[in-house]
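Q: Here it is: the structure, laid out below.
Protein chains: 2
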Amino acid sequence: MDVSYVNPFVVSTIETLQKMLNIEGKAGKLSLKDSSLHSYDVTGVIGLTGEAAGSICLSFPQEVAFKAVTALLGMPVTMMGDEVTDGIGELVNIVAGNAKQYLTKYNLSISLPKVVVGRNHSVASMSGVPTIVVPIVSSLGEFAMEISLKTPEVKK
Amino acid sequence: MDVSYVNPFVVSTIETLQKMLNIEGKAGKLSLKDSSLHSYDVTGVIGLTGEAAGSICLSFPQEVAFKAVTALLGMPVTMMGDEVTDGIGELVNIVAGNAKQYLTKYNLSISLPKVVVGRNHSVASMSGVPTIVVPIVSSLGEFAMEISLKTPEVKK
């Protein structure tokens, strides 16, 4: 399995934290996702198309999402609402947009973000499409960057 | 607002019900989504890119998702698991794939589906990106097709 595409998304996530939130983040240990093990409260998801196809998600516990949007907007956000969904959507959009610059070989296009809100939801990929989970550790708390990409190398 | 792109997705959803599930479905009254009003248990989402960008969702109450996957697989499915997420992902993939044939002017590409599972989750678009909700009424029960598409006509 070629997972060279993962690092650009990790780098882009760390850079986005720095530039947009003024927060230092670190990537934890990557793992191949077992869908039954991960649940979140707020998830920004964006589709990827091109020579490879898939999606990335930024998935947060509610309190970490509030802190991220508070840092993004520079004003306290403590309730679910448009500020949170717009803020998390903007973050996943920037992460995907930056990452595709490092992945020109796949000629990626990105869809518009959607933001899922719901206590303890999970997000599955189709069977056979591997999802890599990267925990991102920061002063906001921990959240997850998940990347699923079907590259030409693994297409049947 | 140009919403001529909505009908191909409605037609494709009805056709997919017929062809894949052998179920007759009808579209209810379209509405512009107010994100606070809609929550679901299982949602298949797929990104769209091209001359327009956005996403479509098929969103189900849990029991309707089970019935849809039961009809798709021809075997009873009564618990959440890979059958359900793979089945709902396959349906949204087919709906998007069929619809794009009717929308050649946008030269759409579709990402891989993701499937959200979680009681009473909601799915928001960014502010400023209208989402059209189409209730689909069938013998399975009612579910929703939601389409968000930013077309060149409405791009700033």
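Sequences listed follow chains A and B, in order. Under our numbering, the first residue of the first sequence is numbered 1, with each subsequent residue one higher. Under our numbering, the first residue of the second sequence is numbered 1001, with each subsequent residue one higher. Where a beta carbon is used, it is the ideal one built from N, C-alpha and C, also for glycine. Because the structure is a prediction, the values reported are computed rather than measured.
Apart from the five residues just before and just after A:I46, which ones in its own chain have a Cβ nearer than 7 Å to its Cβ?
A: To locate residue 46 of chain A, count along the first sequence from 1; it is residue 46. Same-chain partners within the cutoff: S55, I56, V92, N93, A96, I110, S111 and P113.
Q: Do you know how far the Cα of B:L1032 is from the Cα of B:S1038?
A: Along the second sequence, one-based indexing puts residue 1038 of chain B at 38. Along the second sequence, one-based indexing puts residue 1032 of chain B at 32. It is His, not Ser, that sits at residue 1038 of chain B in the sequence shown. Using only the alpha carbons, I get a separation of about 11 Å.
Q: Can you tell me whether DSSP reads A:G54 as helix, strand or coil?
A: Taking the first residue of the first sequence as 1, we reach residue 54 of chain A at position 54. In this structure, A:G54 counts as strand in the three-state DSSP scheme.
Q: With a threshold of 16 other CB atoms inside 10 Å of the CB of B:S1148, please say whether the residue is buried or exposed.
A: Here the question's residue 1148 of chain B lines up with position 148 in the second sequence. The residue is buried, with at least 16 neighbouring Cβ atoms inside 10 Å.
Q: Buried or exposed: B:G1025, going by 16 or more other Cβ atoms within 10 Å of its Cβ?
A: Locating residue 1025 of chain B in the second sequence gives position 25, where the first residue counts as 1. Answer is buried; the Cβ neighbour count reaches 16.
Q: With a threshold of 8 Å between beta carbons, is B:G1118 in contact with chain A?
A: Reading the second sequence from its first residue, position 118 is the one you call residue 1118 of chain B. Judged by the 8 Å Cβ criterion, B:G1118 is in contact with chain A.
Q: Which chain A residues are close to B:K1100, counting only those with a beta carbon under 7 Å from its beta carbon?
A: Numbered from 1 along the second sequence, position 100 holds the residue referred to as residue 1100 of chain B. None at all; the shortest Cβ gap to chain A is about 11 Å.
Q: Give me the Cα-Cα distance between B:P1008 and B:T1104, rounded to the nearest whole angstrom.
A: The sequence position of residue 1008 of chain B within the second sequence is 8, counting from 1. The sequence position of residue 1104 of chain B within the second sequence is 104, counting from 1. The alpha-carbon atoms of B:P1008 and B:T1104 are separated by roughly 11 Å.
Q: Closest to A:A53 by C-alpha separation, out of A:G74, A:V11, A:A144 and A:T131, would be which residue?
A: As a position in the first sequence, residue 53 of chain A is number 53, starting the count at 1. It is A:T131.
Q: Apart from the five residues on each side of it in sequence, which residues of its chain come closer than 6 Å, Cβ to Cβ, to A:S125?
A: Working through the first sequence from its first residue, we reach residue 125 of chain A at position 125. These residues qualify, in order along the chain: T131 and S148.
Q: Please check if any C-beta of chain A sits within less than 8 Å of the C-beta of B:K1105.
A: Taking the second sequence and counting its residues from 1, one reaches residue 1105 of chain B at position 105. False, the Cβ-Cβ gap to chain A never drops below 8 Å.
Q: Which of helix, strand or coil does DSSP assign to B:K1026?
A: Counted from its first residue, the second sequence places residue 1026 of chain B at position 26. If DSSP states are grouped into helix, strand and coil, B:K1026 belongs with the strands.
Q: Between the region 57–68 of chain A and the region 139–148 of chain A, are three or more C-beta pairs nearer than 8 Å?
A: Because the criterion of three Cβ pairs below 8 Å is met, the region 57–68 of chain A and the region 139–148 of chain A touch.
Q: If you measure beta-carbon to beta-carbon, which residues of the region 124–144 of chain A are closer than 8 Å to chain B?
A: Against chain B - using a Cβ distance shorter than 8 Å - the residues of the region 124–144 of chain A are A124, S125, M126, S127 and V129.
Q: Considering only C-alpha positions, which residue in the set A:G28, A:V129 and A:V77 is nearest to A:I14?
A: Position 14 of the first sequence, counted from the start, is the residue given in the question as residue 14 of chain A. Out of A:G28, A:V129 and A:V77, A:G28 has the C-alpha closest to the C-alpha of A:I14.
Q: Pick out the complete alpha helix (DSSP H) segments inside the region 74–128 of chain A, 4 residues or longer, and give them in chain order.
A: The region 74–128 of chain A contains these whole alpha helix (DSSP H) runs: 82–101.
Q: Considering only their Cβ atoms, is the gap separating A:V42 from A:A65 smaller than 8 Å?
A: Mapped onto the first sequence, residue 65 of chain A falls at position 65. Mapped onto the first sequence, residue 42 of chain A falls at position 42. Result yes, Cβ atoms of A:A65 and A:V42 sit closer than 8 Å.
Q: Quick one: is A:H121 near chain B, going by C-beta distance under 8 Å?
A: Locating residue 121 of chain A in the first sequence gives position 121, where the first residue counts as 1. By this cut-off, A:H121 is an interface position.
Q: Would you say A:A68 lies against chain B (beta-carbon separation less than 8 Å)?
A: Against the first sequence, residue 68 of chain A aligns to sequence position 68. Not an interface residue.
Q: Which residues, in order along the region 1039–1060 of chain B, keep a beta-carbon less than 8 Å from a beta-carbon of chain A?
A: Those residues of the region 1039–1060 of chain B that come within reach of chain A (Cβ to Cβ, closer than 8 Å) are S1039, T1043, V1045, I1046, G1047, L1048, T1049, G1050, A1053, G1054, S1055 and C1057.
Q: Looking at the secondary structure, which residues open and close the beta strand (DSSP E) in which A:T43 lies?
A: Numbered from 1 along the first sequence, position 43 holds the residue referred to as residue 43 of chain A. Segment Y40 to T49, the beta strand (DSSP E) holding A:T43.
Q: Can you tell me whether DSSP reads B:P1152 as helix, strand or coil?
A: By 1-based counting over the second sequence, the position of residue 1152 of chain B is 152. In the structure shown, B:P1152 sits in a helix (DSSP, three-state: H, G or I).
Q: Could one say the Cβ of B:K1156 lies closer than 8 Å to chain A's Cβ atoms, at least one of them?
A: What you label residue 1156 of chain B is simply residue 156 of the second sequence in a count that begins at 1. Caution is warranted here: a pLDDT of 47 is assigned to B:K1156, below 50, making its placement in the model unreliable, and the coordinate value is therefore given only provisionally. No, because no Cβ of chain A sits closer than 8 Å to the Cβ of B:K1156.
Q: Compare the C-beta of B:D1082 against all C-beta atoms of chain A and say whether one is closer than 8 Å.
A: Position 82 of the second sequence holds residue 1082 of chain B. It does: the Cβ of B:D1082 has a partner Cβ on chain A nearer than 8 Å.
Q: Taking the Cβ atom as the reference point for each residue, do B:E1051 and B:N1107 lie within a distance shorter than 8 Å?
A: Indexing the second sequence from 1 puts residue 1051 of chain B at position 51. Indexing the second sequence from 1 puts residue 1107 of chain B at position 107. In this structure, B:N1107 lies closer than 8 Å to B:E1051 by Cβ.
Q: Chain B partners of A:S111, CB-CB under 7 Å?
A: For the purposes of this step, residue 111 of chain A is taken as the residue at position 111 of the first sequence. Within chain B, the residues near A:S111 are G1047, L1048, T1049, A1053, G1054, S1055 and S1111.
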